[in-house]
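First comes the structure, then the notes that go with it.
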Amino acid sequence: MQKRLDIDAIRRQFPVLNRIVKSQPLVYFDNAATSQKPQVVIDALVDYYSGYNANIHRGIHTLAEEATAAFEATRDAVKTFINASSREEIIFTRGTTESINLVAYTWGRQHIKAGDEIIISTMEHHSNIVPWQVLCEEKGAVLKVIPINEEGELLMDEYEKLLNPKTRLVSIVHVSNALGTVNPVKQIIEAAHRTGAVVLVDGAQSSVHLDIDVQEMDADFFAFSSHKLYGPTGVGVLYGKKELLLAMPVFQGGGEMIKEVSFNKTTYADLPYKFEAGTPNIADTIAFKTAIDFINKLGKEKIRQHENELLYYGTEQLQQIPGLSIIGRAKEKVSLISFVVDKVHPQDIGILLDNRGIAVRTGHHCAQPLMERCKIPGTTRASFAVYNTKEEIDMLVAGLQKTLKMLL
Amino acid sequence: MSEQLSIEAVEREIIDEFALLESWGENEKYEFIIDMGKNLPPLDDKYKVPENIIKGCQSTVWLAADYTNGKVFFKADSNSVITKGLISMLIRVLSGRAPDEIINAQLDFINAIGMRSHLAQTRANGLLAMVKQMKNYALAYKLKNAAKV
Numbered sequence: 035m036q037k038r039l040d041i042d043a044i045r046r047q048f049p050v051l052n053r054i055v056k057s058q059p060l061v062y063f064d065n066a067a068t069s070q071k072p073q074v075v076i077d078a079l080v081d082y083y084s085g086y087n088a089n090i091h092r093g094i095h096t097l098a099e100e101a102t103a104a105f106e107a108t109r110d111a112v113k114t115f116i117n118a119s120s121r122e123e124i125i126f127t128r129g130t131t132e133s134i135n136l137v138a139y140t141w142g143r144q145h146i147k148a149g150d151e152i153i154i155s156t157m158e159h160h161s162n163i164v165p166w167q168v169l170c171e172e173k174g175a176v177l178k179v180i181p182i183n184e185e186g187e188l189l190m191d192e193y194e195k196l197l198n199p200k201t202r203l204v205s206i207v208h209v210s211n212a213l214g215t216v217n218p219v220k221q222i223i224e225a226a227h228r229t230g231a232v233v234l235v236d237g238a239q240s241s242v243h244l245d246i247d248v249q250e251m252d253a254d255f256f257a258f259s260s261h262k263l264y265g266p267t268g269v270g271v272l273y274g275k276k277e278l279l280l281a282m283p284v285f286q287g288g289g290e291m292i293k294e295v296s297f298n299k300t301t302y303a304d305l306p307y308k309f310e311a312g313t314p315n316i317a318d319t320i321a322f323k324t325a326i327d328f329i330n331k332l333g334k335e336k337i338r339q340h341e342n343e344l345l346y347y348g349t350e351q352l353q354q355i356p357g358l359s360i361i362g363r364a365k366e367k368v369s370l371i372s373f374v375v376d377k378v379h380p381q382d383i384g385i386l387l388d389n390r391g392i393a394v395r396t397g398h399h400c401a402q403p404l405m406e407r408c409k410i411p412g413t414t415r416a417s418f419a420v421y422n423t424k425e426e427i428d429m430l431v432a433g434l435q436k437t438l439k440m441l442l
Numbered sequence: 121m122s123e124q125l126s127i128e129a130v131e132r133e134i135i136d137e138f139a140l141l142e143s144w145g146e147n148e149k150y151e152f153i154i155d156m157g158k159n160l161p162p163l164d165d166k167y168k169v170p171e172n173i174i175k176g177c178q179s180t181v182w183l184a185a186d187y188t189n190g191k192v193f194f195k196a197d198s199n200s201v202i203t204k205g206l207i208s209m210l211i212r213v214l215s216g217r218a219p220d221e222i223i224n225a226q227l228d229f230i231n232a233i234g235m236r237s238h239l240a241q242t243r244a245n246g247l248l249a250m251v252k253q254m255k256n257y258a259l260a261y262k263l264k265n266a267a268k269v
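Sequence order for the protein chains is A and B.
Residues 35 to 442 (the numbering used here) are what the first sequence spells out, left to right.
Residues 121 to 269 (the numbering used here) are what the second sequence spells out, left to right.
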């Protein structure tokens, strides 16, 4: 068995990595925003459109059957990828944000009443804050927030104190997009279940790095997106426990999600179609399976090993830069480094690194309450994927040193 | 006192200054902008009030205006030094002008010096909003003036 990944061979599978940006070879360190796509994923899109483009589920012609089979094969691949107990528990959405909103608008509207409490954390992405704020406002429910420590880890004691019989839902991010912190979701879920609360896990950042087993985790809902997993944009997944999904009211009405329609009464389709109104994003969903196969073939453990080396190396190198502080120093962390530099605005760093062909993300990372907690306007974030290298980190460090010389 | 250059003439001046840098790379261009940013006098804290904030997604701009002898004078600041550099050019072009001049300014120089992307709708620095706000001030002073006459 091959012990280590051949990163050069992997890089050759990503056409965009050949790009020249501002006369320099691209260094892409914005993977937590979206990952690049391997040729096999791009090919899957082209194959679908040039070979068997058809609307799915209803057609009886050959193309429709092929497209339906390919679309449903992705559902099976997702089921295995997160170890769901049945394919009916896999709902396709537009992305993590829509998955969370689906739960807020269906399960949330059905179960949340005035005075009920919903728990989130300080490190949530706006997409796991705003849907619950909207719901709380509508229902007169209360949003509670788990605080964090200086390292960027949840204060679990405080979390336990927030839990009470009024807690109906805990919606928690698995891995912070701004800090990289891996939250102890299993422990969080166990505690929530003891008080009878339901738990949604936002897996947008975790699903590409960690092994996901929704049964072992015992998550009631798990949401993630294809595009952060080397797959196409515009496809997300909502996993839900079957008994919860069965009892939930429908999200959107239309085609696909019905059994029979008359003007007196409409009966809804079975799971998972009940939640998939209208023609779905067929091409991207089909190509998503190719991305999952790509990850499985490399092996998540080996990917993690490589990414952890980058994290370790990058942390070591970056923290030698005078005035630089790393934001988020959790013991359990994925391969992203958020940092600030004294007297320098992150936006200026981002503009000048881009001038050197280095793509990082700067700003509040859609986590403004977290930035407020850290008393900073934003950070510069370098996030690593399987195709990144130590040489690229060296380029980032050198580019950053030159950038800071210009700015200070 | 020499006669004030027109907005277009000042814009041309800036374009010429950047043209000298043409043979240099993008980084030198930014070095020039950063220097301008560093040289912009800091805004007194009394102006850094919420009413003067123009919020971009990332950096913040503070903009204050005065109307004296028929001319609008701008003062501004930002927490991003690159944004400050861009602001200093806008002030150089637009400050001390009659409202109509400001309202009608095309500000083509931003495009000509290759900084158009900073004015794009998607840019996070609030610069586009700042230009709009400068023109709004000019319009407000013009209307106020007209009401007085």
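For glycine and all other residues, C-beta sits at the position ideal for the given N, C-alpha and C.
With at least 16 other beta carbons inside 10 angstroms of its own, Y261 of chain B counts as buried.
At a cut-off of 9 Å between beta-carbon atoms, S57 of chain A makes contact with chain B. For the region 378-402 of chain A, residues whose beta-carbon sits nearer than 9 Å to a beta-carbon of chain B comprise V378, H379, P380, Q381, D382, G384, I385, L386, N389, R390, T396, G397 and H398. In this structure, the CA atom of K173 of chain A is about 26 Å from the CA atom of I125 of chain A. Rounded to whole angstroms, the gap between the alpha carbons of N198 of chain A and T229 of chain A is 6 Å. Taking 9 Å as the cut-off, the Cβ atoms of A311 of chain A and G289 of chain A count as close. V204 of chain A is positioned such that its CB atom lies closer than 9 Å to that of A226 of chain A. Annotation: the continuous alpha helix (DSSP H) that includes K195 of chain A extends over M190 to L196. R415 of chain A: member of the beta strand (DSSP E) spanning T413 to S417, first to last residue. Inter-residue distance for T140 of chain A and G433 of chain A is about 48 Å (C-alpha atoms, whole angstroms). Within the region 199-230 of chain B, N199, S200, V201, I202 and T203 place their CB atoms closer than 9 Å to a CB of chain A, listed in sequence order. Between the region 205-213 of chain B and the region 168-179 of chain B there are fewer than three inter-stretch CB-CB distances shorter than 8 Å, so the stretches are not counted as touching. Proximity of chain B to P356 of chain A at the Cβ level (cut-off 9 Å) is not reached, the minimal Cβ distance being about 18 Å.
Looking at the DSSP output, S155 of chain A bridges to A:I180. Remark: fewer than three beta-carbon pairs, one from each stretch, lie closer than 8 Å, so the region 178-193 of chain A and the region 233-244 of chain A are not flagged as touching.
Secondary structure note for W182 of chain B: its beta strand (DSSP E) is the uninterrupted segment T180 to T188.
Looking at the backbone, the Cα of H145 of chain A and that of E277 of chain A are separated by about 14 Å.
Distance between P72 of chain A and A253 of chain A, taken at the CA atoms: about 30 Å. For the region 133-154 of chain B, residues whose beta-carbon sits nearer than 7 Å to a beta-carbon of chain A comprise E146, N147, Y150, E151 and I154. Assigned with DSSP and collapsed to three states, G129 of chain A falls in coil, not helix or strand.
Secondary structure note for A225 of chain A: it is in no beta strand (DSSP E), and the uninterrupted alpha helix (DSSP H) holding it is V219 to R228. For R395 of chain A, the secondary structure class from DSSP, reduced to helix, strand or coil, is strand. At the C-beta level, G270 of chain A and G142 of chain A stay beyond 9 Å of one another. Looking only at A:Q339, A:I154, A:M282 and A:K323, the smallest Cα-Cα distance to F115 of chain A is reached by A:K323. The C-beta distance from G157 of chain B to K204 of chain B rounds to 3 Å, short enough to fall under 8 Å. The DSSP assignment places complete beta strand (DSSP E) segments of no fewer than 3 residues inside the region 257-281 of chain A at 270-274, in order along the chain.
Secondary structure at V242 of chain A: coil, using DSSP grouped into helix, strand and coil.
The closest CA to that of A139 of chain B, considering only B:F152, B:E128 and B:I127, is found on B:F152. Assignment of F63 of chain A by DSSP, reduced to helix, strand and coil, places it in the coil class. The Cβ neighbour count for Q221 of chain A, taken over all protein chains shown within 10 Å, is under 16; the residue is labelled exposed. Counting every other CB atom within 10 Å of its CB across the protein chains shown gives H340 of chain A a total of 16 or more, marking it as buried.
Counting only the Cα atoms, H208 of chain A lies some 37 Å from E99 of chain A.
The beta-carbon separation of I90 of chain A and A107 of chain A, rounded to 12 Å, does not stay under the 8 Å limit for a contact.
For S208 of chain B, there is no enclosing beta strand (DSSP E); the residue is found in the alpha helix (DSSP H) stretching over V201 to L214. For secondary structure counted as the alpha helix (DSSP H) over 4 or more consecutive residues, the region 62-124 of chain A holds these complete runs in sequence order: 73-81 and 96-116.
Nearest CB-CB separation between K409 of chain A and chain B: not below the 9 Å threshold.
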